[in-house]
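*Asks:* So the sequence shown is numbered by this note's numbering: it starts at 3 and just counts up by one. Idealized CB from N, CA, C, for every residue including glycine.
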Amino acid sequence: DICVDGVANDGSNRGSKVLMTKFTTLCDADPRVAKSPMMICSSDWKVVKE
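1. Can you list, in chain order, the residues of its chain with a C-beta nearer than 7 angstroms to that of residue 49? Leave out the 5 residues immediately preceding and following it.
2. Helix, strand or coil for residue 37? Go by DSSP, reduced to three states.
3. Output needed for residue 30: all residues of its chain with C-beta closer than 7 angstroms, excluding positions within five of it in sequence on either side, in chain order.
4. Within its chain, find whatever has a CB closer than 8 angstroms to the CB of residue 46; leave out the 5 residues flanking it on each side and keep chain order.
5. How is residue 29 classed by DSSP in three states: helix, strand or coil?
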């Protein structure tokens, strides 16, 4: 379980989408990791949708 829903100083969580995208891209690049199911959760639906 990895949480990337950190809140920035201005109260937004705009970095979450970038972090989640990078994390899932890295996981997809490794065949050993890519074949495993992944449960993605976020407090912001836009992060999960991308």
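*Replies:* Looking at the atomic coordinates:
1. 18, 19 and 22
2. Coil at residue 37, not helix or strand.
3. Once the five neighbours on either side are set aside, the close Cβ partners of residue 30 are 36.
4. Answer for residue 46: 7, 15, 18 and 19, listed in chain order.
5. helix
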